[in-house]
Amino acid sequence: MKDKPHAYVLCSNPRSGTTLLCDMLAQTGVAGRPDSFFGAQHLSDWSTDWGIAEAADPDDPHFTEKYFAAMRREGQGGTPLFGLRLMGVDLGAACAWLGRRHPGLPDDAARFAAAFGPARFIHLSRADKLAEAVSYLRAEQSGLWHGRPDGSALEELPPAGPSGYDAAALTRRITELRALDAAWHVWFEANDIQPLRLRYESLSDDPQKTLAQVLEFIGLDPGVAANVAPGTRKLADATSAAWMARYKAETGHA
Numbered sequence: 003m004k005d006k007p008h009a010y011v012l013c014s015n016p017r018s019g020t021t022l023l024c025d026m027l028a029q030t031g032v033a034g035r036p037d038s039f040f041g042a043q044h045l046s047d048w049s050t051d052w053g054i055a056e057a058a059d060p061d062d063p064h065f066t067e068k069y070f071a072a073m074r075r076e077g078q079g080g081t082p083l084f085g086l087r088l089m090g091v092d093l094g095a096a097c098a099w100l101g102r103r104h105p106g107l108p109d110d111a112a113r114f115a116a117a118f119g120p121a122r123f124i125h126l127s128r129a130d131k132l133a134e135a136v137s138y139l140r141a142e143q144s145g146l147w148h149g150r151p152d153g154s155a156l157e158e159l160p161p162a163g164p165s166g167y168d169a170a171a172l173t174r175r176i177t178e179l180r181a182l183d184a185a186w187h188v189w190f191e192a193n194d195i196q197p198l199r200l201r202y203e204s205l206s207d208d209p210q211k212t213l214a215q216v217l218e219f220i221g222l223d224p225g226v227a228a229n230v231a232p233g234t235r236k237l238a239d240a241t242s243a244a245w246m247a248r249y250k251a252e253t254g255h256a
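Residue numbering for the sequence shown follows my numbering, starting at 3 and increasing by one per position.
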């Protein structure tokens, strides 16, 4: 924490509020433009957007050089600070890629610093894993992943199958999300990282307060948060509540 950060990494898992927080950070105009630059499913899209001619291949040093340079520019968004959103499912691949780019360093934290400069880490997690699983399953089934405050869709994909309550699918998601959260804790400890720990529930209740905490943690004026409005809306509704109540009744989930 001694060095003024050049970068920050928002570490999280799906349906934990990262889209809301990343949007608000970008809105500040001083905290970069964080996004999922290491997401395997997004590499080709980012490469195309950035005009990189080489095929998206993390094992290719020429592609890597161009990709990292473009990633830095995109994540900075015209500010001095680089922002990165990193999901648990992408952690292993990201660390392996950084390891190939910066061999000989003692740990992942050192490799992040070599790639992006002194970095702060933020861990955003959701305490209610059943609510997280319900949100995940409903997004998959409906294709609506994020919505704007005006009721329009912010991110909508084709539905991934039939819709409806599915206890087995919820159980699988809860198990998966718990494991992903646990893996973050193991990684932080292994790399001697003391992240700012945030809860989705607090972010959802008071987005500006949480944004102010993050800004202060990354060395910026927390007062800027007062001028930023949430750019997404909550998607949980009566159906979400009914699924949760039914699951608890059927399984005894606390």
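Glycine residues also receive a C-beta, built at the ideal position from the N, C-alpha and C atoms.
For clarity, every value in this text was computed on a predicted model and none was experimentally measured.
Is phenylalanine 40 near phenylalanine 123, with beta carbons less than 9 Å apart?
no
Pull up the distance between the alpha-carbon of methionine 3 and that of alanine 135, whole angstroms please.
Bear in mind that the predicted position of methionine 3 carries a pLDDT of just 48, short of 50, making it too unreliable to give a figure here.
Methionine 3, DSSP secondary structure in three states
With a pLDDT of only 48 at methionine 3, under the threshold of 50, the placement of this residue in the model should not be trusted; the figure read from the coordinates follows. Here methionine 3 sits in coil by DSSP.
When the Cα atoms are used, what is the spatial distance from arginine 248 to arginine 180?
21 Å
Tell me which same chain residues have a C-beta within less than 6 Å of the C-beta of tryptophan 245, skipping the five on either side of it?
Within the same chain, tryptophan 245 has close Cβ partners Val136, Tyr167.
Quick one, are the C-beta atoms of glutamine 250 and isoleucine 176 less than 9 Å apart?
Checking the sequence, you will find lysine at residue 250 rather than glutamine. Cβ distance not < 9 Å, so lysine 250 and isoleucine 176 don't count as in contact.
Out of curiosity, what's the CA-to-CA distance linking leucine 257 and arginine 113?
Past the edges of the chain, shown from 3 to 256, lies residue 257, and the structure says nothing about it.
Please classify serine 46 as buried or exposed, where buried requires at least 16 neighbouring CB atoms within 10 angstroms.
exposed
From the DSSP secondary-structure annotation, give me the bridge partner or partners of alanine 96.
Bridge partners of alanine 96: none, in fact.
Sequence-distant residues of its chain with Cβ nearer than 6 Å to proline 16 (five each side left out)
The residues are Tyr138.
Just the Cα atoms here: how many angstroms apart are threonine 21 and histidine 44?
15 Å
Could you give the DSSP three-state label for serine 165: helix, strand or coil?
coil
How would you write the range of the beta strand (DSSP E) that glycine 254 sits in, first residue to last?
It is not in any beta strand (DSSP E) - glycine 254 carries neither H nor E in the DSSP assignment.
Please go through the segment 169-228 and give each complete alpha helix (DSSP H) segment of 4 or more residues, from N-terminal end onward.
169-192, 202-207, 209-219
What are the start and end residues of each continuous alpha helix (DSSP H) run of 4 or more residues lying completely inside the segment 86-138, in chain order?
Qualifying alpha helix (DSSP H) stretches, in chain order: 90-103, 110-118.
Return the Cβ separation of valine 226 and valine 32 in integer angstroms, given the expectation that the two are a contact with Cβ distance under 8 Å.
Rounded, the Cβ-Cβ distance is 6 Å, consistent with contact.
Where the beta strand (DSSP E) containing alanine 72 begins and where it ends:
Per DSSP, alanine 72 belongs to no beta strand (DSSP E); it is in the alpha helix (DSSP H), 63-78.
Expressed to the nearest angstrom, what Euclidean distance is found between the alpha-carbon atoms of histidine 104 and aspartate 62?
14 Å
Can you look up serine 38 in the DSSP assignment and give me helix, strand or coil?
coil
Quick one: what's leucine 12 bridged to in DSSP?
Arg87, Ile124
Verify whether the separation of the beta carbon atoms of leucine 83 and arginine 201 is less than 9 Å.
no
Which same chain residues, not among the five before or five after glycine 221, have their C-beta less than 7 Å away from its C-beta?
Lys6, Pro7
Report all residues from its chain with a CB closer than 8 Å to the CB of aspartate 92; omit the five preceding and five following residues, and keep chain order.
Excluding sequence neighbours, aspartate 92 sits near Ser38, Phe40, Gly41, Ala42.
Arginine 128 to glutamine 210, Cα distance in whole Å?
18 Å
Alanine 57, buried or exposed, once every other Cβ within 10 Å from all chains shown has been counted against 16
exposed
Decide if valine 230 is buried, meaning its Cβ has at least 16 other Cβ atoms within 10 Å, or exposed.
buried
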